[in-house]
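If you're matching positions, the sequence shown starts at 516 in the numbering used here and goes up one per residue.
All residues carry an ideal CB built from backbone N, CA and C; glycine is no exception.
Quick caveat, the model's predicted, so the values are computed rather than measured.
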Amino acid sequence: TRNYHAYLYTDRTDGSMFGPEGCTYVDMLHLHLRGKSFLDDKKFTIADLLTKKGSALGYLYDLGDQWDHEITVEDILPPDESTGKFSLLDGSGACPG
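Right, here's the structure in full:
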């Protein structure tokens, strides 16, 4: 499929990868560069993986060009103080790396 790209999330605690099960985007041919398989990301939320301050998750967009991103939890507010939103604290827009 043109102008669509696959992606993978990588749990930094154990290396588990999560991605779009059944994806047929052309860049999936590069999956072997990252591993052979991944868990269906529709069965998980980011909140399942980023559970505490300091938790980290890798995000790779476009398996061919390899736009690597690192998502790290800086803080988690108690439910009564939280709006449920997140804030992007840093980024340069300079991908691919």
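In the structure shown, the three-state DSSP call for H584 is strand.
Per DSSP, A571 is not a residue of any alpha helix (DSSP H); the beta strand (DSSP E) it occupies stretches across 571–576. By the CB criterion at 8 Å, A521 and C538 fall inside the cutoff.
Annotated three-state conformation of D563 is helix, per DSSP. No Cβ-Cβ contact shorter than 8 Å links Y519 with F533.
Among the bridge pairs identified by DSSP, Y524 is matched with F533, Y574. For L592, the three-state secondary structure derived from DSSP is coil.
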